[in-house]
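In what follows, a single structure is set out as C-alpha cells and then discussed.
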Amino acid sequence: MSAPRHEPAIVTARRAETLKGRLRVPGDKSISHRALIVGALAVGRTAISGLLEGEDVINTARAMRALGARIERTGAGAWQVDGVGIAGFAPPAAPLDFGNSGTGCRLVMGAVAGCPISATFDGDASLRRRPMKRILEPILRVGAKVIAAGENERLPITLAGASDPIPIEYRTPVPSAQVKSAVLLAGLAAPGTTTVVEAEATRDHTERLLAHFGAELVVEPDGPEGRRITLTGQPELVPAPVAVPADPSSAAFPLIAALIVPGSELILTEVMTNPLRTGLFATLLEMGASIETLERRIESGEEIADLRVRFSPLRGIEVPAARAPSMIDEYPVLAVAAAFAEGPTVMRGLKELRVKESDRLAATAALLRVNGVAVEIDGDDLIVDGRGQVPGGGLVSTQMDHRIAMAALVMGLASDEPVAVDDASFIATSFPDFFETMRRLGGEIS
Ligand code: S3P
C-alpha cells in the first residue's frame with residue numbers, strides 16, 4: 007500500500023461505434039470506507055469481499071493500520087480487518103494522509119473524536135481546500151479538541167479525541183452523510199444515546215453497517231424528507247462479513263455512455279440500489295432512458311440489482327432540489343446526458359456541489375462549455391440546453407476531480423469531435439479499471 011502518485015495524464019475519448027457487454031463496476035466507495043472503519047472499531051476479525059481497491063479507500067485502510075488495526079489483503083477485493091474495539095485506537099506515529107478523499111478523512115475524524123488519542127489529518131491540495139468546520143463543530147461538542155488547524159479550519163488538522171465523550175443530539179446544518187456518519191462514529195464511544203437529525207435523508211450506509219455489526223439504532227422520519235437517527239452508545243460491535251456491492255456512482259459512467267452511444271446495450275451486474283442512492287436512475291427514466299431492472303436481491307443489508315441499459319433518445323426535464331442528496335455525485339455525468347437530450351434540463355439545488363473534490367458546479371459547466379454546449383449557472387441551479395448532439399473538441403480541466411474526468415470522457419464517446427481531459431490520474435481514486443472497462447465495452451479512449 008504505497009502512497010498514490012499523480013502524474014497528470016492527458017487522455018482523449020473518441021466517438022465509439024457501439025458499447026456492448028456485461029460488467030460489474032468496482033465496489034461501492036462509501037461502503038468500502040465504512041467497512042474498514044467499522045471493522046477497525048469491532049473486536050475480532052471482519053472479512054470484506056468486493057472492497058473497492060481505489061486510492062481513496064486504500065488511504066483509509068492505511069489510516070486504520072496507523073491507528074492500530076491489523077489489515078490484510080487476502081485476494082482481489084478480499085480484505086481482513088482485526089479491529090481494536092470502540093475507543094481502542096492507538097496514537098498514529100505520523101500524520102494520516104487521506105489523499106483526495108473527504109469521506110475517508112471526515113469519517114475517521116469522527117471515529118478518532120471518541121478516542122483518547124491525538125492524530126493529525128491531512129490530504130492533497132483538493133482536500134486541503136475543502137470545508138472541515140462542518141465536522142469539527144459537532145465533534146467538539148462530543149469533547150474532542152482542535153490542537154492545530156490550517157487557515158479557515160482546513161487541513162492539516164490535529165485533533166485530540168475525548169477521554170470522556172459526551173452523547174449529543176445534532177441537527178446537521180447541511181445535507182451530508184459524512185457529517186451524520188462522523189457524529190454517529192464519535193457517538194459509539196459515548197454513554198447514552200447520540201442522535202442525529204437530518205432535514206433531508208442522506209445515504210444511510212453507516213446506519214446499516216452499524217446495525218449489521220450489532221449496534222442498536224432507531225431510525226424515524228422527521229419532517230417530510232428528514233430522519234432522526236438514535237444510536238445507543240458503547241455497543242459491542244461484533245464482526246460480520248461484508249460483501250460490498252457495485253457502486254451506483256461508478257455504474258453511472260458506463261450507463262450514461264450506453265444511453266448516448268447509438269446501438270449500445272450493457273448489463274451492469276450487482277449494482278447497489280439503496281433508495282438513497284438511486285436518484286440518477288429515477289431521473290434518467292424520466293428523461294426517457296431504457297433501464298430495466300433484471301433481478302433484485304439483498305446482500306449484506308443492501309439492495310442490489312442487475313440493470314439492462316440500451317441507447318435511448320433522451321428529453322430534457324427539471325430535476326427537483328429534493329432529489330439532490332440521492333444523486334449528489336452524479337450531476338457531472340447527468341449534465342453530459344442532458345447535453346445529448348432534446349430540450350433544456352434544469353438541475354436545482356446544487357449548492358453542495360461547490361465543495362466536492364472540485365467546485366463541481368463550475369467544473370461541470372466548464373466541461374460542457376468547452377465542448378460547445380450551452381449551459382448556465384443560475385444561483386445553485388444548473389441549466390443545460392440539450393440539442394441531441396454535442397460538438398466536442400474541447401480540452402477539459404479536471405481540477406483534481408475523478409468524476410469531472412470520467413464525465414468528460416463519457417461525453418467524448420458520443421460527441422462529434424474527440425474530448426480530451428488534462429489529467430485523468432484522479433480516476434484511480436474511485437474507478438481504477440475505468441479505462442480497461444470502457445475499452446472492453448467498445449469505448450475509444452487513449
Ligand atoms: C459520501 C457522502 C457524500 C458524497 C461522497 C460520499 C459518503 O458527501 O458526495 O462522495 O460516503 O458519506 P457529503 O456527505 O459531503 O454530501
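Heads up: the sequence shown begins at 7 in the working numbering, then just goes up one per residue. Even for Gly, the Cβ is constructed at its ideal location relative to N, Cα and C. Small disclaimer: the values here were computed from a predicted structure and weren't measured.
beta-carbon residue i near the ligand S3P non-hydrogen atom, thresh 8 Å
i	result
S169	no
E358	yes
D439	no
D312	no
S364	no
P331	yes
S306	no
K35	yes
V248	no
V361	yes
G385	no
L113	yes
I92	no
A183	yes
I145	no
H408	no
G108	yes
R209	yes
H39	yes
S431	no
S187	yes
I334	yes
S255	yes
Assigned exposure category for residue i - 16 Cβ within 10 Å defines buried
i	result
D253	buried
S8	Confidence at S8 is low in this model, with a pLDDT of 47, below 50, so the placement of that residue is unreliable and no value is reported for it.
R212	Reading off the sequence, residue 212 comes out as Thr, not Arg. With 16 or more Cβ atoms within 10 Å of its Cβ, T212 is classed as buried.
E242	exposed
D210	buried
L447	buried
R302	exposed
L291	exposed
S169	exposed
G229	exposed
P144	buried
S256	buried
E442	exposed
N158	exposed
P179	exposed
A19	buried
E324	exposed
I153	exposed
Option nearest residue i by Cα separation, candidates the options
i	options	result
G2	I310, F317 and M115	Beyond the ends of the chain as shown, which are 7 and 452, falls residue 2; an answer cannot be given.
E358	T164, G378 and Y337	Y337
R177	E423, V202, A168 and P197	V202
K362	A343, T443 and M406	M406
V49	V225, V427, P14 and G74	G74
V17	R446, L42, P424 and S255	P424
A341	A328, I383 and A426	I383
V244	P98, L215, S255 and R134	L215
I389	G400, I410, L367 and V396	L367
L356	H218, K186 and G385	G385
L194	E206, I433 and A221	A221
L133	A258, D365 and G418	D365
V63	L42, A46, S55 and A53	L42
R360	A369, M353 and R354	A369
H12	N106, A207, A217 and E450	N106
P14	S421, H408 and G418	H408
P197	T236, F219 and G232	T236
G449	S431, L419 and M353	L419
T199	R234, L165 and R28	R234
H218	G392, G45 and A434	G45
P260	G149, M444 and Q395	M444
L401	A84, T208, E226 and M417	M417
A84	K151, P247 and G94	P247
A411	P397, F432, S421 and V396	F432
S403	V396, Q395 and A414	A414
R393	V427, D428 and T351	T351
T238	D335, A192 and L272	A192
Are there three or more Cβ pairs, one per stretch, closer than 8 Å when the stretch 48-61 is compared with the stretch 425-442?
Result yes; three or more Cβ-Cβ pairs closer than 8 Å.
Indicate whether the contact test is met: 3 or more Cβ pairs, each with one atom in the stretch 127-147 and one in the stretch 92-99, closer than 8 Å.
Between the stretch 127-147 and the stretch 92-99, the count of C-beta pairs closer than 8 Å stays below three; the two stretches do not touch.
Determine, using beta-carbon pairs with one atom in the stretch 179-192 and one in the stretch 109-117, whether at least three such pairs fall under 8 Å.
Touching, per the Cβ criterion.
If contact is defined by three or more beta carbon pairs under 8 Å, each pair taking one atom from either stretch, is the stretch 314-333 in contact with the stretch 371-382?
Output reads no: the stretch 314-333 does not touch the stretch 371-382.
Can you find at least 3 beta carbon pairs, one from the stretch 266-281 and one from the stretch 27-43, that sit closer than 8 Å?
These segments touch.
On the three-pair Cβ rule with 8 Å, is the stretch 264-272 touching the stretch 22-32?
Taking 8 Å as the limit for Cβ pairs, the verdict is that the stretch 22-32 does touch the stretch 264-272.
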